[in-house]
Amino acid sequence: MRAILLGGGLALLGTLLGTRLAIQALVKRGYGQLIRDDGPTSHHTKRGTPTMGGLVIIVSVVAAYALAKLLTQDAPSASSLLLLFLFTGLGLVGFLDDWIKISKQRSLGLRSTTKMGGQTLIAVVFAALALQFEDENGRMPISAGVSFIRDFSWQLPTVAVVVWVLIMVAGTSNAVNLTDGLDGLAAGASVMVFGAYTLVNIWQNNQNCATRPGPRCYEVRDPLDLAVVAAAITGACFGFLWWNASPAKIFMGDTGSLSLGGAMAGIAIMTRTELLLLVVGGLFVTITMSVILQVGWFKLSKGKRLFRMAPLQHHFELRGWAEVTIVIRFWIICGLCVAGGMGIFYAEWVAGA
Numbered sequence: 030m031r032a033i034l035l036g037g038g039l040a041l042l043g044t045l046l047g048t049r050l051a052i053q054a055l056v057k058r059g060y061g062q063l064i065r066d067d068g069p070t071s072h073h074t075k076r077g078t079p080t081m082g083g084l085v086i087i088v089s090v091v092a093a094y095a096l097a098k099l100l101t102q103d104a105p106s107a108s109s110l111l112l113l114f115l116f117t118g119l120g121l122v123g124f125l126d127d128w129i130k131i132s133k134q135r136s137l138g139l140r141s142t143t144k145m146g147g148q149t150l151i152a153v154v155f156a157a158l159a160l161q162f163e164d165e166n167g168r169m170p171i172s173a174g175v176s177f178i179r180d181f182s183w184q185l186p187t188v189a190v191v192v193w194v195l196i197m198v199a200g201t202s203n204a205v206n207l208t209d210g211l212d213g214l215a216a217g218a219s220v221m222v223f224g225a226y227t228l229v230n231i232w233q234n235n236q237n238c239a240t241r242p243g244p245r246c247y248e249v250r251d252p253l254d255l256a257v258v259a260a261a262i263t264g265a266c267f268g269f270l271w272w273n274a275s276p277a278k279i280f281m282g283d284t285g286s287l288s289l290g291g292a293m294a295g296i297a298i299m300t301r302t303e304l305l306l307l308v309v310g311g312l313f314v315t316i317t318m319s320v321i322l323q324v325g326w327f328k329l330s331k332g333k334r335l336f337r338m339a340p341l342q343h344h345f346e347l348r349g350w351a352e353v354t355i356v357i358r359f360w361i362i363c364g365l366c367v368a369g370g371m372g373i374f375y376a377e378w379v380a381g382a
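The sequence shown begins at 30 in the numbering used here and counts up by one.
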């Protein structure tokens, strides 16, 4: 438990203090955000705001985890190292995307195929490695099954597991990326989701089959160490929110959104709560569905739009809602989704206890 508190606290301090230094360095070099011309006109005032703030989140999380392990004299687990690999690997893809935007002074970075290729490579390597490293109880960081709160009884072949992990990672990382369109929206929502997964990991550790075998125990490897990473990400996003809240002094960019989305998918897969993420991350699902529906309706109706603009948050902007109003109301929706997901998680255990 000390490592969880240290991880969260150190990561919070890292972004709270480190983001200010990053803002100064990025402003000095002129590394500012470029704004799409087809977006809401109110966003044009944000042109030049420093971006790539996700680097501070990534460095803070990795440093906080390492320091927490060092101070508690506890060895890192295979599960947490793999989760950090996924987190930093997708952050690298996002960084390349942000860097191209800045260096070439255009609002579009990596080509979509290249970006997807990078996400695919990281996800496949993660899946292949996570199917190794059995512990003394025969458990691997991820399982060969699909899960809601626990694995279903049927198992997938290895190739299908890798494909499923790829779908989860690509889908969730892109969902967070689509959500990151208003000041503080993605950072605040991520605080809630990763905070919830910190509690899920602690509960799974307390009811783990390795220490408390029983009919309702959880077959999850290294849940307490995963809680350290989840707490570190929660703290890092919380500290970053100080600078990212409206009016934002810095944006996380694709560097931050892709890494957070990847970690969200990774922790859901490792905790055997893959489909529960659809409930806990309901805000991200809703925003992603708004884009899918917009594109689908546009093609089917030969040019008509379902929303004034997608993702969904921009639809409400064009309807005249203030940015802060949208963010707070979407945070409320996210909080309700997280509370609903946590309620389902606990109710399943109570029902079977």
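In this text, a Cβ means the ideal position worked out from N, Cα and C, and glycines have one as well.
Meets three-Cβ-pair contact criterion under 8 Å: the region 45–63 and the region 243–252: Output reads no: the region 243–252 does not touch the region 45–63.
Stretch pair the region 265–279 + the region 96–111: three plus CB contacts closer than 8 Å: Here the region 265–279 does not lie against the region 96–111, with fewer than 3 beta-carbon pairs under 8 Å apart.
Residues near Asp-66 in its chain [Cβ-Cβ closer than 6 Å; skip 5 each side]: In the sequence shown, the residue the question calls residue 66 occupies position 37. Confidence in Asp-66 is poor, its pLDDT being 49 and thus under 50, which makes the residue's placement unreliable; the coordinate value appears in the next sentence. If the five residues before and after Asp-66 are omitted, its C-beta is found closer than 6 Å to no C-beta atom of its own chain.
Contiguous alpha helix (DSSP H) assignments of at least 4 residues, all confined to the region 136–189: If only uninterrupted alpha helix (DSSP H) runs of at least 4 residues are considered, those enclosed by the region 136–189 are 141–159.
Straight-line Cα distance separating Ile-262 from Gly-37: Within the sequence shown, numbered from 1, the residue matching residue 37 stands at position 8. Within the sequence shown, numbered from 1, the residue matching residue 262 stands at position 233. Put simply, the backbone Cα of Gly-37 is about 7 Å away from that of Ile-262.
Exposure label - Leu-328; buried when at least 16 CB within 10 Å: Taking the first residue of the sequence shown as 1, we reach residue 328 at position 299. Note that residue 328 is Lys in the sequence shown here, rather than Leu. Lys-328 should be labelled exposed.
Classification of Ser-132 by the beta-carbon crowding that lies within 10 angstroms, buried from 16 upward: Counting from one through the sequence shown, the residue named residue 132 turns up at place 103. Its Cβ having fewer than 16 others within 10 Å, Ser-132 is exposed.
Residues near Gly-224 by beta carbon distance below 7 Å, same chain, minus five either side: Looking up residue 224 in the sequence shown gives position 195. Cβ within range, chain order: Thr-263.
Residue range of the alpha helix (DSSP H) that includes Asn-235: In the sequence shown, counting from the first residue as 1, residue 235 sits at position 206. Under the DSSP assignment, Asn-235 falls in the alpha helix (DSSP H) whose first and last residues are 214–235.
Uninterrupted alpha helix (DSSP H) stretches inside the region 255–322 (no shorter than 4 residues): Scanning the region 255–322 from its first residue to its last, the whole alpha helix (DSSP H) runs of 4-plus residues come out as 282–299, 306–309.
Cβ pair Gly-210, His-344 closer than 8 Å: On the sequence shown, residue 210 is found 181 positions in, with the first residue counted as 1. On the sequence shown, residue 344 is found 315 positions in, with the first residue counted as 1. Against a cut-off of 8 Å, the Cβ pair of His-344 and Gly-210 comes out as no contact.
Which of helix, strand or coil DSSP assigns to Tyr-60: Stepping through the sequence shown from its first residue, residue 60 is reached at position 31. In the structure shown, Tyr-60 sits in coil (DSSP, three-state: anything other than H, G, I, E or B).
For Pro-276 and His-73, the rounded distance between their alpha carbons: Position 44 of the sequence shown holds residue 73. Position 247 of the sequence shown holds residue 276. Its pLDDT being 46, under 50, His-73 is placed unreliably in this model, and the value from its coordinates should be taken loosely. Their Cα atoms are separated by approximately 13 Å.
CA-to-CA distance, Arg-337 to Val-154, given in whole angstroms: Indexing the sequence shown from 1 puts residue 154 at position 125. Indexing the sequence shown from 1 puts residue 337 at position 308. Taking the straight line joining both Cα atoms gives about 39 Å.
Residues bridged to Gly-375 [DSSP beta-bridge criterion]: Taking the sequence shown and counting its residues from 1, the one referred to as residue 375 is at position 346. Sequence inspection shows Tyr at residue 375; the Gly mentioned does not correspond to that position. Partner(s): none; Tyr-375 has no beta bridge.
Own chain residues within Cβ distance below 6 Å of Val-90, not counting five before or after: Position 61 of the sequence shown holds residue 90. A distance below 6 Å between beta-carbons, with the five flanking residues on each side excluded, links Val-90 to the following residues of its chain, in chain order: Ala-40, Ala-261, Ile-262, Ala-265.
Whole-Å CB distance - Leu-119 paired with Ser-202, under 8 Å assumed: In the sequence shown, the residue the question calls residue 119 occupies position 90. In the sequence shown, the residue the question calls residue 202 occupies position 173. Approximately 6 Å separates the beta-carbon atoms of Leu-119 and Ser-202; this is inside 8 Å, confirming the contact.
Range of the contiguous alpha helix (DSSP H) that encloses Ser-132: As a working note, residue 132 is residue 103 in the sequence shown. Note, Ser-132: alpha helix (DSSP H), 107–132.
Whole-angstrom C-beta distance between Val-320 and Ala-294, which should lie under 8 Å: Your numbering for residue 294 matches position 265 in the sequence shown. Your numbering for residue 320 matches position 291 in the sequence shown. About 18 Å; that fails the 8 Å criterion.
Neighbour-count burial assignment, Gln-184, 16 or more Cβ in a 10 Å radius: Within the sequence shown, the letter at position 155 stands for residue 184. An exposed status is given to Gln-184, since fewer than 16 other beta-carbon atoms sit within 10 Å of its beta-carbon.
Close Cβ partners of Met-371 (< 8 Å) along its chain, the five nearest in sequence each way excluded: For the purposes of this step, residue 371 is identified with residue 342 of the sequence shown, where counting begins at 1. Taken in chain order, the residues that qualify are Ala-225, Leu-228, Val-229, Val-309.
Counted within 10 angstroms of its Cβ, other Cβ atoms place Asn-206 as buried (16 or more) or exposed: Working through the sequence shown from its first residue, we reach residue 206 at position 177. Buried is the call here.
Cβ-based burial, Lys-130 [other Cβ within 10 Å; buried from 16]: Against the sequence shown, residue 130 aligns to sequence position 101. With at least 16 other beta carbons inside 10 angstroms of its own, Lys-130 counts as buried.
As assigned by DSSP and simplified to three states, the class of Pro-252: For the purposes of this step, residue 252 is identified with residue 223 of the sequence shown, where counting begins at 1. In the structure shown, Pro-252 sits in a helix (DSSP, three-state: H, G or I).
Residue nearest to Gly-123 in terms of C-alpha spacing, selected from Thr-143, Pro-105, Ala-104: Counting from one through the sequence shown, the residue named residue 123 turns up at place 94. Selected option, being the one with the closest Cα: Thr-143.
The region 145–153 / the region 176–190 touching (three or more Cβ pairs under 8 Å): Not touching, per the Cβ criterion.
Cα-Cα separation, Arg-301 to Asn-237: Here residue 301 refers to the residue found at position 272 when the sequence shown is read from its first residue. Here residue 237 refers to the residue found at position 208 when the sequence shown is read from its first residue. Between Arg-301 and Asn-237, the alpha-carbon positions lie close to 13 Å from each other.
Expected contact under 8 Å - CB spacing of Met-81 and Pro-170 to nearest Å: On the sequence shown, position 52 is the one that residue 81 refers to. On the sequence shown, position 141 is the one that residue 170 refers to. That pair is no contact at about 29 Å.
Sequence-distant residues of its chain with Cβ nearer than 7 Å to Val-367 (five each side left out): In the sequence shown, residue 367 corresponds to position 338, counting from 1. For Val-367, where only same-chain residues beyond five positions count, the Cβ hits under 7 Å are Met-221, Val-222, Ala-225, Val-309.
Option nearest Ala-97 by Cα separation, candidates Leu-158, Gly-59, Leu-34: Looking up residue 97 in the sequence shown gives position 68. Nearest C-alpha to Ala-97: Leu-34.
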